[in-house]
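Some notes on the structure that comes next.
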Amino acid sequence: MPRPMPNNQPPAPFPVFLRPLALASLLLVTIFAAPLAAVPPPTAADLVEDGQLIDLSQEKYHQLFDELTQKYQFSEDELQAIFQGLTINRKILVLMDKQGEAKPYYSYAPMFITPDNIKIGKQKLQQYKELLDRIETAFGVNREVIVAIWGIETRFGIRQGNYNVLQTLNTLFDAYPRRSDFFRRQLIDFLLLCREEGLAPLSIQGSSAGAFGQTQFIPSSFRSYAVSFDGDAKRDMWNSVPDVLASIANYLKRANWVFDTPTYADLGYRLNDPQLIAALDKGRAARVPLDLVRQCQNLALPPSPRNQPVTIVGLDLEPGGPYTKRYVAGYPNFQAITAWNRSNRYAMVISELAEALAH
1 MPRPMPNNQP PAPFPVFLRP LALASLLLVT IFAAPLAAVP PPTAADLVED
51 GQLIDLSQEK YHQLFDELTQ KYQFSEDELQ AIFQGLTINR KILVLMDKQG
101 EAKPYYSYAP MFITPDNIKI GKQKLQQYKE LLDRIETAFG VNREVIVAIW
151 GIETRFGIRQ GNYNVLQTLN TLFDAYPRRS DFFRRQLIDF LLLCREEGLA
201 PLSIQGSSAG AFGQTQFIPS SFRSYAVSFD GDAKRDMWNS VPDVLASIAN
251 YLKRANWVFD TPTYADLGYR LNDPQLIAAL DKGRAARVPL DLVRQCQNLA
301 LPPSPRNQPV TIVGLDLEPG GPYTKRYVAG YPNFQAITAW NRSNRYAMVI
351 SELAEALAH
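Under this note's numbering, the sequence shown is numbered contiguously, ending at residue 359.
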């Protein structure tokens, strides 16, 4: 009778004749399991073909057409003329998924704050001086920030986009599930503004996200903020500079811009209090009292209108230096710019370009 194995000894190895089978099984698991774990989920663009016909028989299109006919009095013939034959533009889906790839500020800012943009912006300030005088009086928004937004959005009207807006909005409504509801609303607003302004829906070109004109308004922003400032009743965001500049001013006014008050203030290269760090981490929605910032940073900062709180913004500095970030306080006017575009980087670029235009 064999003696029992002591408990402190290792178990017997695989019998020799089973070792090749065990090794082969392990190899198969390694080969097939690793790629499966590494494969990312398909993107919206992976699930469609470019030029694929949009299926108007889907329930979501039935519901859309019901709303357009019953609530907004479009006829079936109108809708068939507008929607029939629309196809997917796959590139729009690819670009939409790349929007989160934000550049650090040190490489983002030089794309926009360029000698050429500053030179042309100053020329525009002179060219439209009388118009901007009237706009500042009517809306209470500083001219330099209006021209800075105009320059960054469309290169002062030159680059308005070359994607068909109707196709873009339908592509995103039909084939981009994550924001389908948002683009459904934009699609309805687009058709309404085309009717209100006497525009042919199939004729309008814009960005890959459905923005258009010299202001790059999305449809809901056009309907809410676009104004006519050239003496007629038509809100022309494509060809009328008075309408374009006044509409930018109207947007910022409605976002609570305060004339001739600071946009931001520099706070240095480190934050000295956990409350400021917490506000930075929470993002643009977080607000802190300006007096707290003054005390923590030991700085004499300019007053905020009506003593309103500020945001804390961190801007990436180029690697290799002694500091990694530059910190600023975003005043209410900075917050007004982030109502236009939610990116703090965008608001800072607008602020610094406007400063350059003023000098």
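Virtual Cβ for every residue (Gly too), placed ideally from N, Cα, C.
Neighbourhood of residue i by C-beta distance below 6 Å, restricted to the same chain and skipping five residues each side
i, result
"residue 67", "none"
"residue 82", "201"
"residue 347", "334, 337 and 338"
"residue 146", "245, 248 and 249"
"residue 238", "213"
"residue 95", "208"
"residue 194", "201"
"residue 240", "230"
"residue 7", "Unreliable placement is indicated for residue 7, whose pLDDT of 43 sits below 50; no coordinate value is reported for it."
"residue 174", "54"
"residue 43", "97"
"residue 255", "336 and 339"
"residue 157", "214"
"residue 222", "193"
"residue 109", "349"
"residue 180", "173"
Where residue i falls, given that 16 or more other Cβ within 10 Å makes a residue buried
i, result
"residue 283", "exposed"
"residue 217", "buried"
"residue 111", "exposed"
"residue 177", "exposed"
"residue 54", "buried"
"residue 265", "buried"
"residue 198", "exposed"
"residue 189", "buried"
"residue 349", "buried"
"residue 144", "buried"
"residue 27", "With a pLDDT of only 47 at residue 27, under the threshold of 50, the placement of this residue in the model should not be trusted; the figure read from the coordinates follows. That one is exposed."
"residue 344", "buried"
"residue 360", "Summary: the structure shown does not reach residue 360, with the chain confined to residues 1 through 359, and so no result is reported for it."
"residue 262", "buried"
"residue 160", "buried"
"residue 342", "exposed"
"residue 224", "exposed"
"residue 416", "Past the edges of the chain, shown from 1 to 359, lies residue 416, and the structure says nothing about it."
"residue 331", "buried"
"residue 45", "buried"
"residue 203", "exposed"
"residue 304", "buried"
"residue 121", "buried"
"residue 251", "buried"
"residue 236", "buried"
"residue 148", "buried"
"residue 57", "exposed"
"residue 211", "buried"
"residue 226", "buried"
"residue 33", "Because the pLDDT of residue 33 is 48, which lies under 50, any placement of that residue in the model is unreliable, and the number read from its coordinates should be weighed accordingly. Its Cβ having fewer than 16 others within 10 Å, residue 33 is exposed."
"residue 21", "Bear in mind that a pLDDT of 49 at residue 21, under 50, signals an unreliable position, so the model cannot answer this."
Assumed close pair residue i, residue j - CB separation to whole angstroms, cut-off 8 Å
i, j, result
"residue 186", "residue 220", "6 Å"
"residue 357", "residue 131", "Contact flag wrong, Cβ pair sits at about 15 Å."
"residue 288", "residue 258", "Wrong, their Cβ atoms sit about 18 Å apart, outside the cutoff."
"residue 205", "residue 164", "6 Å"
"residue 329", "residue 280", "Not quite, the Cβ-Cβ distance comes to about 11 Å (not below 8 Å), so this is no contact."
"residue 69", "residue 59", "With a Cβ gap of about 16 Å, residue 69 and residue 59 do not count as contacting."
"residue 65", "residue 47", "No, residue 65 and residue 47 are not in contact; Cβ-Cβ is about 24 Å, not under 8 Å."
"residue 192", "residue 72", "7 Å"
"residue 301", "residue 293", "6 Å"
Cβ neighbours of residue i in the same chain (closer than 7 Å, five flanking residues each side left out)
i, result
"residue 373", "Examination of residue 373 is not possible in this model, given that the chain is present from 1 through 359 alone."
"residue 234", "197 and 228"
"residue 317", "106, 323, 324, 325 and 326"
"residue 277", "271"
"residue 170", "54, 86 and 187"
"residue 253", "139, 140 and 141"
"residue 242", "131, 229 and 230"
"residue 154", "160, 214 and 216"
"residue 104", "316"
"residue 52", "87 and 88"
Three CB pairs or more closer than 8 Å across the segment 297-314 and the segment 263-275:
yes
Start-end ranges of the alpha helix (DSSP H) lying completely within the segment 148-223, minimum 4 residues
165-175 and 180-197
With a cut-off of 8 Å, do at least 3 Cβ pairs link the segment 80-97 to the segment 322-333?
no
Alpha helix (DSSP H) segments (min. 4 residues) lying fully within the segment 42-98
59-70, 76-83 and 90-98
Go through the segment 280-316 residue by residue and report every complete run of the alpha helix (DSSP H) that reaches 4 residues or more, in order.
290-297
Mind pulling the beta strand (DSSP E) runs of 3 or more residues that sit fully within the segment 107-132?
none
Runs of beta strand (DSSP E) wholly within the segment 310-358 (minimum 3 residues, chain order)
311-316 and 325-330
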